[in-house]
């Protein structure tokens, strides 16, 4: 069954702790993306990666970090420097040459 | 720039009616547009897309219209069903530069049975 998986679906952390969100795809897509969604708002781009071992900052990269060591994986770390980390995080991927992105189911992170 | 609002505009329609959801975009260089549907607590699902060399594209029960002159995009849903209730987002991108999507703030569609 092909697709994008994000785990876990719900994640709870204490303030001051780093947390890593998982995103895996078996679609053989080259590009992967991380977005953040706050209640009643659209998606905002955090980081994206067009190819393995390379990634670029999006519009709201401060307080986040990523890695792209494997084509199928693009984990996002929410660091303690992120001032408002509580949000719904969405991972997406796209095939090379295509601008159409497919989304995973999302991870809802709550930091207290 | 991105138009982000705290309160989603809501469109309420009766089951069986046609729905029209509108979106204004800001980047005149955008050449590819996508409509996504997002149900509560889930990731966005692709509905339909259109390139800037077209002004209309039809899918199953859905039609997207693009007016580049006024930078306006619309999604028409025919014979709206309760399962169409969701938040709908338009997204734009350009084939040059960053090639990442910029999303609108979304419209909530409520279908009354």
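Chains as they are written, first to last, in the working numbering: chain A, -14 to 97; chain B, 2 to 114.
For each residue, glycine too, the CB sits at the ideal point set by N, CA and C.
Is the beta carbon of residue 76/B less than 9 Å from the beta carbon of residue 49/B?
For the purposes of this step, residue 76/B is taken as residue 75 along the second chain, with counting starting at 1. For the purposes of this step, residue 49/B is taken as residue 48 along the second chain, with counting starting at 1. Yes, the Cβ-Cβ distance between residue 76/B and residue 49/B is below 9 Å.
When you compare only the Cα positions, how much space is there between residue 59/B and residue 97/B?
In the second chain, the residue the question calls residue 59/B occupies position 58. In the second chain, the residue the question calls residue 97/B occupies position 96. Taking the straight line from one Cα to the other gives about 26 Å.
Skipping 5 residues on each side, what residues in its chain have a beta carbon closer than 7 Å to that of residue 62/B?
Within the second chain, numbered from 1, the residue matching residue 62/B stands at position 61. Same-chain partners within the cutoff: 78, 79, 80.
For a contact meaning CB atoms closer than 9 Å, what does residue 10/B contact in chain A?
Here residue 10/B refers to the residue found at position 9 when the second chain is read from its first residue. Neighbours of residue 10/B on chain A: none; closest Cβ ~10 Å, over 9 Å.
Does any C-beta atom of chain C lie closer than 9 Å to the C-beta of residue 81/B?
In the displayed structure, chain C is absent; the protein chains listed are A and B.
For residue 76/B, is the beta carbon positioned less than 8 Å from some heavy atom of the ligand SAH?
This structure lacks the ligand SAH; in fact it carries no ligand of any kind.
Tell me whether residue 85/B sits in a helix, a strand or coil according to DSSP, three-state version.
The residue you call residue 85/B lines up with position 84 of the second chain. If DSSP states are grouped into helix, strand and coil, residue 85/B belongs with the helices.
Helix, strand or coil: which one does DSSP assign to residue 59/A?
Translated into the one-based positions of the first chain, residue 59/A becomes position 74. Assignment of residue 59/A by DSSP, reduced to helix, strand and coil, places it in the coil class.
Buried or exposed, going by whether 16 or more other CB atoms sit within 10 Å of the CB of residue 45/B?
As a position in the second chain, residue 45/B is number 44, starting the count at 1. Label assigned to residue 45/B: buried.
Using a Cβ-Cβ cut-off of less than 9 Å, list which residues of the stretch 42 to 54 of chain B approach chain A; keep chain order.
42, 43, 44, 45, 46, 47, 50
Out of 51/A, 72/A, 3/A, 52/A, state which residue places its alpha-carbon closest to the alpha-carbon of residue 26/A.
The sequence position of residue 26/A within the first chain is 41, counting from 1. Among 51/A, 72/A, 3/A, 52/A, the Cα nearest to that of residue 26/A is on 72/A.
Can you tell me which of the three DSSP states residue 23/B falls into?
Taking the second chain and counting its residues from 1, the one referred to as residue 23/B is at position 22. Residue 23/B falls in the strand class under three-state DSSP.
Where does residue -4/A sit, in a helix, a strand or coil, going by DSSP?
Locating residue -4/A in the first chain gives position 11, where the first residue counts as 1. Strand at residue -4/A.
Going by DSSP in three states, residue -10/A sits in which element: helix, strand or coil?
On the first chain, residue -10/A is found 5 positions in, with the first residue counted as 1. DSSP places residue -10/A in strand when its eight states are reduced to three.
Excluding the 5 residues flanking residue 64/A on each side, which residues of the same chain have their C-beta closer than 6 Å to its C-beta?
As a first step, residue 64/A must be located in the first chain, where it is residue number 79. So the qualifying residues of the chain are 3, 48.
By Cβ distance below 7 Å, which residues in the same chain neighbour residue 36/A in space, the five residues on each side in sequence not counted?
By 1-based counting over the first chain, the position of residue 36/A is 51. Counting only Cβ-Cβ distances below 7 Å, and skipping sequence neighbours, we find 15.
Are any of the Cβ atoms in chain B nearer than 9 Å to that of residue 20/A?
For this step, residue 20/A is matched to residue 35 along the first chain. With 9 Å as the cut-off, residue 20/A counts as an interface residue toward chain B.
I want to verify the contact list: residues of chain A whose CB lies under 7 Å from the CB of residue 35/B, in sequence order.
By one-based count along the second chain, residue 35/B stands at place 34. Here the neighbours are 85.
Out of curiosity, what's the CA-to-CA distance linking residue 39/A and residue 38/B?
Residue numbering aside, residue 39/A sits at position 54 when the first chain is read from its first letter. Residue numbering aside, residue 38/B sits at position 37 when the second chain is read from its first letter. In this structure, the CA atom of residue 39/A is about 30 Å from the CA atom of residue 38/B.
Quick one: list the residues of chain A neighbouring residue 106/B, beta-carbon separation under 7 Å, in chain order.
Along the second chain, read from residue 1 onward, the residue named residue 106/B stands at position 105. Per Cβ cutoff of 7 Å: 26, 27.
Taking buried to mean at least 16 other C-beta atoms within 10 Å of its own C-beta, is residue -6/A buried or exposed?
On the first chain, residue -6/A is found 9 positions in, with the first residue counted as 1. The residue in question, residue -6/A, is exposed, as its Cβ has fewer than 16 Cβ neighbours within 10 Å.
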